[in-house]
Structure formats: C-alpha cells, structure tokens
Amino acid sequence: MAVSCRKMRVLGVMMMVNFFIFILVEVSRIAGQGKGASGKLRVPTKPFWKRPVASEAYWNREQQKLDHLHNPILASANGSGPELPDWLNDTVRGESCEPDLAVTTRVKDYNSLPDRFKDFLLYMRCRTYRMAVDQPHVCRDRPYLLLAVKSLSPHFDRRQAIRESWGRAGRLANRTVATVFLLGNATAADHFPDLSEMLRYEAAMHRDILQWDYRDSFFNLTIKEVLFLDWVHLRCPGASFVFKGDDDVFVNTRRILDFLQGLSPGKARDLFVGDVITHAGPHRDKKLKYFIPESLFVGPYPPYAGGGGFLYSGDLALRLQAVSHKVALYPIDDVYTGMCLKKLGLVPRGTRASGPSTSRRSTGTIPAPTRA
C-alpha cells in the first residue's frame with residue numbers, strides 16, 4: 001500500500017513539472033512574437049523584376065522585346081516605374097511586312113554584311129505571306145502521319161520519286177498517311193526559270209503542293225517552317241504525328257509507324273525526335289554556310305534536331321505554332337525550332353545508335369533519315 005502511494009506522488013510531481021514547463025514555453029513564445037513582430041517585417045527596397053539591359057546583338061534584342069511583350073508579370077512591373085527605354089518600347093510594330101529600314105542603323109555592321117543577311121534583317125518581322133497553292137482536302141480523313149517535305153520548285157523529279165516510294169499517301173500498316181510538299185517562289189534573281197505553269201499542272205494532278213508567295217532561299221527556310229505550322233493549325237489540327245524532312249532524304253515510313261504505335265499517350269504528346277545536336281553555337285567564319293555574325297546573335301544554341309528531318313506529335317505542332325509568335329525569327333530553321341522547343345520547356349530526343357530515348361518497341365528503333 002505504501003509503495004502504491006509513493007508511485008502516485010511521483011506521478012503527480014512529474015505531471016506538475018511537465019505542466020509548468022509547457023506554461024513557460026508558451027509564455028516565452030507569445031512574448032517573443034509580440035516583441036519582434038514589427039521589427040522583423042521587411043519591405044523590399046528594389047523591385048523584384050528588373051528591366052533587361054539591351055543586348056549588343058540584334059536578334060537577342062528583338063527577343064528581349066518579345067519576352068517583355070508576352071510576359072505580363074514583367075510588363076506590369078516595368079510599367080509601374082519610370083518610362084521604359086526606347087529600345088524596349090519598340091514592340092508595337094509587330095509583324096510588319098514592310099522593309100524595316102531601321103535595321104540599317106541598329107545592326108552595327110549592316111553595310112558590311114552579305115546580301116542574304118541584309119534581306120533577312122529587312123523582313124525579319126514579316127510572318128504573313130499569301131498562299132498561292134493550298135490543299136484544304138489533305139487532312140479531311142485525319143491522317144495518323146503527315147509527311148511534310150521541304151522542296152524547291154525545280155525539284156520535280158525528287159517529288160515524284162518520293163510519291164512513288166516513302167512518301168506514298170494512303171493506307172500503310174492500317175494507318176492513314178498524307179503527304180504535302182512545301183514550296184516558296186523560285187525567282188529569276190536566284191537564276192531559276194519560270195516554272196509556274198508546270199507547278200500548276202503538278203499541283204492539279206497530285207494535289208499535294210503547298211506554295212506561299214515568298215522568295216525560297218536558305219535563310220527563308222524558317223519562314224517555311226512558320227507558315228507550315230500555321231497551315232497545320234488551320235487545315236490539319238487533327239494529325240496525330242508529323243514528319244518534316246527534306247526532298248533529298250529517304251525515310252523508312254513503315255518503321256516510323258511501328259515506332260509510333262509503341263508509344264504511350266503521355267510520351268506521344270511531347271514527342272520530338274531527330275538527329276539532335278547539343279552544345280553548339282553560331283559559326284563566325286564567313287566562308288561557312290551557317291555563318292552568323294556577332295552583331296546578329298550571341299550565346300549558345302539550344303539542343304536542336306539537324307540533318308534531313310524530324311518527327312513530332314500533332315499536339316506539339318499546335319503548341320509550336322502558338323509559341324513561334326513569341327520567338328524572333330532566326331535565319332537557321334533547325335536552330336529556330338530548337339528555340340521554340342526551349343520556350344515550351346522541351347528538349348528534342350535523339351534517333352541515332354540506341355534510338356530515341358522516349359520509347360521503342362521490340363521491333364527496333366526509328367531510323368534516322370538518310371540522304372539520297
């Protein structure tokens with residue numbers, strides 16, 4: 001009985017000690033909050049968003065303007081302070097197709113640049129060209145795979161070879177395949193004869209020619225890319241997948257279909273595979289085809305798919321079309337597509353060696369296009 005009483009007294013003492021400690025802790029915490037609450041409140045002395053400093057390179061500056069124009073948080077923060085500098089305010093002209101003569105003074109070495117750069121810079125903001133030949137029927141059956149082939153007007157033989165081989169439209173492996181050829185205008189200035197009558201005949205016979213009224217040059221391949229994405233948005237939003245390639249490559253279309261059928265819906269949505277180039281940047285040697293002057297662009301290139309073509313989902317094509325209006329045109333089309341992917345937070349996947357890292361069936365990997 002005595003032992004039991006001692007245990008009860010010890011237990012009571014422990015409970016009282018714990019209660020006392022709890023009261024002390026709570027009183028200290030509340031007192032601390034009341035004393036330091038006003039002293040700990042910090043008010044920022046500078047805005048969180050800072051105005052960008054103008055880049056020395058013209059493309060980078062144009063991209064800064066677009067980033068400002070399409071970023072509501074940044075635009076709001078800048079608009080609440082002092083007036084913006086003139087270079088950042090110059091966003092109202094939009095996609096003008098008049099020659100932008102201001103570039104002659106805004107690009108420091110404009111007069112010494114090759115003519116192809118001068119032409120590109122003068123019309124860099126133009127994204128709207130009249131469509132000379134359209135094929136609104138192509139996607140009425142909602143193709144599973146849309147083959148879009150970049151071509152030039154004189155390449156009649158290449159287009160016919162593709163129609164009779166890997167680009168044959170119709171049913172393949174129980175899937176609908178559609179084919180279109182993407183053309184601009186071949187001008188006398190580029191030493192091309194007038195082939196308009198032959199093109200009209202070809203377009204009427206095969207009904208697979210898409211042509212826009214712009215000069216079909218190397219630097220205008222980016223325009224061809226943008227106009228094609230606009231066409232997909234308008235005429236072919238239901239295409240499941242798109243392969244976009246050159247007219248001098250050979251593609252194993254059946255292997256592409258095998259690969260696509262093995263993709264899960266989640267991986268298919270963000271699919272973009274090709275011969276990926278990473279850790280690249282602009283060439284500064286004027287003798288090279290891909291020469292880019294420092295007055296036009298500085299910085300590294302994002303990962304992009306080069307070579308003869310790349311494969312991507314129809315869903316991604318629509319997102320690329322939307323984001324392309326937020327990325328300044330760049331004279332190298334493959335790099336421009338990589339810039340658009342980066343803007344979407346995506347990275348292209350490679351096709352070489354072990355195949356694309358998205359997914360593959362046991363039947364093998366998707367083959368990279370080979371030059372004819």
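Take the sequence shown: its position 191, counting from 1, is numbered 191 in full-length UniProt numbering, and each next residue is one higher. The beta carbon of each residue, even a glycine, is placed where N, CA and C say it ideally should be.
*With burial defined as no fewer than 16 other Cβ atoms inside 10 Å of the residue's Cβ, what is the status of P82: buried or exposed?*
The predicted position of P82 is uncertain, since its pLDDT is 47 and thus under 50; a value taken from the coordinates is nonetheless stated next. Exposed is the call here.
_On the criterion of 16 or more Cβ atoms from any shown chain inside 10 Å, does H279 qualify as buried, or is it exposed?_
Flag for H279 reads exposed.
*With 16 as the cutoff for other CB atoms within 10 Å, does D334 come out buried or exposed?*
D334 comes out buried.
*State whether the segment 146-157 contacts the segment 122-137, with contact taken as three or more CB pairs (one from each stretch) at a distance under 8 Å.*
Because the criterion of three Cβ pairs below 8 Å is not met, the segment 146-157 and the segment 122-137 do not touch.
*asked:* Residues in the same chain with beta-carbon distance under 7 Å from E202, minus the five sequence neighbours each way, listed in chain order, please.
replied: Contacts found: F156 and I209.
_Distance, P52 Cα to P136 Cα_ = If I take the Cα positions, the gap works out to 44 Å.
*Please classify A186: does DSSP put it in a helix, a strand, or coil?*
In the structure shown, A186 sits in coil (DSSP, three-state: anything other than H, G, I, E or B).
*Do you know offhand how far E164's Cα is from Y301's?*
Cα atoms of E164 and Y301: separation of roughly 37 Å, rounded to the nearest angstrom.
*Measuring alpha carbon to alpha carbon, tell me which of R130, D141, D67 and Y290 ends up nearest Y214.*
Out of R130, D141, D67 and Y290, R130 has the C-alpha closest to the C-alpha of Y214.
_For W212, list the residues DSSP reports as bridge partners._
BP columns for W212 point to M131.
*Provide the residue(s) that pair with I277 in DSSP beta bridges, ordered along the chain.*
Paired residues: Y304.
*Taking DSSP as the reference, what is the three-state secondary structure of G170?*
Assignment of G170 by DSSP, reduced to helix, strand and coil, places it in the strand class.
*Where does the unbroken alpha helix (DSSP H) through G266 begin, and where does it stop?*
In the DSSP assignment, G266 falls within the alpha helix (DSSP H) that extends over P265 to R269.
_L289 burial status per 10 Å Cβ neighbour count (16 or more: buried)_ = According to the sequence as given, residue 289 is Lys; it is not Leu. It is exposed - the Cβ of K289 has fewer than 16 other Cβ atoms within 10 Å.
*May I ask you to report which of helix, strand or coil DSSP gives G81?*
In this prediction, G81 scores a pLDDT of 49, lower than 50, which makes its location untrustworthy; the coordinate-derived value is nonetheless stated afterwards. Note: G81 maps to coil in three-state DSSP.
*So the alpha helix (DSSP H) K118 belongs to, where does it begin and stop?*
Its alpha helix (DSSP H) spans residues D115 to L122.
_For R175, the residue or residues it bridges with in DSSP_ = Beta-bridge pairing by DSSP links R175 to L172.
*Through-space distance from R116 to F219, alpha-carbon basis*: Rounded to the nearest whole angstrom, the C-alpha separation of F219 and R116 is 7 Å.
*Give the secondary structure of A148 by DSSP, where H, G and I count as helix, E and B as strand, and everything else as coil.*
If DSSP states are grouped into helix, strand and coil, A148 belongs with the strands.
*asked:* Whole angstroms are fine: how far does the CA of R42 sit from the CA of K286?
replied: Going by C-alpha positions, K286 is about 54 Å away from R42.
_I need the straight-line Cα distance from V273 to G308, nearest angstrom please._
Taking the Cα positions, V273 is about 12 Å away from G308.
*How is S313 classed by DSSP in three states: helix, strand or coil?*
DSSP places S313 in the strand class (E or B) of the three-state scheme.
*asked:* Starting from F243, trace the beta strand (DSSP E) in both directions and tell me its first and last residue.
replied: For F243, the uninterrupted beta strand (DSSP E) segment begins and ends at F241 to D246.
*Based on Cα-Cα distance, which residue from D216, V323 and L145 lies nearest to T187?*
Nearest Cα to T187 within the set D216, V323 and L145: D216.
*Are the Cβ atoms of T176 and D134 separated by less than 8 Å?*
The criterion of a C-beta distance shorter than 8 Å is not satisfied by T176 and D134.
*Use the C-beta contact count for K224: other C-beta atoms within 10 angstroms, 16 or more gives buried, fewer gives exposed.*
So K224 counts as buried.
*To the nearest angstrom, report how far apart V149 and F310 are at their CA atoms.*
Rounded to whole angstroms, the gap between the alpha carbons of V149 and F310 is 11 Å.
*What separation, rounded to the nearest whole angstrom, lies between the Cα atoms of D119 and Q261?*
If you draw a straight line from the Cα of D119 to the Cα of Q261, it comes to about 43 Å.
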